[in-house]
Amino acid sequence: MEKDCFIFVWKCRQCQVNGDLIHAPPSELHPMSAPCSFVAWGMNVIEPIEPKASNGHRLFLVAIDYFKWVEAVTIKTVTKKVVVDFVNSNIICCFGIPKTIIMDNAANLNSHLTTIRLRESC
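The opening position of the sequence shown corresponds to residue 1 in UniProt numbering, with each subsequent residue numbered one higher.
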């Protein structure tokens with residue numbers, strides 16, 4: 001079977017073209033920086049908390065400023081209203097309107113409706 005795999009890869013044009021990319025050395029990472037504090041925030045949901053909290057919450061909604069200031073709350077579910085209320089009360093009301101909020105591509109944070117609602121509130 002190993003010989004068959006070797007022959008297949010040897011004959012496959014795409015395997016030959018892309019084969020060296022697998023073994024390419026890692027590229028240098030460049031740190032992201034913000035010009036001043038509270039301008040850029042990163043947001044994520046940390047889940048699940050086991051055992052769940054006494055109030056039934058199982059998730060953390062976390063925002064971290066690029067100068068390492070952390071704002072976090074526990075929540076039951078991730079909804080547009082929860083995310084927008086968190087940003088309004090924990091970020092905008094305390095530190096002003098940020099220039100950038102970076103979210104991962106998870107559907108729970110990066111929905112089109114959440115983005116529209118955050119723009120409306122600013």
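In this text, a Cβ means the ideal position worked out from N, Cα and C, and glycines have one as well. These numbers come from a predicted model, not from an experiment.
For W10, the enclosing alpha helix (DSSP H) stretches over residues E2 to K11. In this structure, DSSP gives V39 a state outside helix and strand, which the three-state scheme calls coil.
Beta-carbon to beta-carbon, V82 and I75 are separated by about 5 Å, close enough to satisfy the 8 Å threshold. Nearest in C-alpha terms to F60, of all of Y66, K68 and I49, is I49.
For the 9 Å CB-CB criterion, G96 and I64 do not form a contact.
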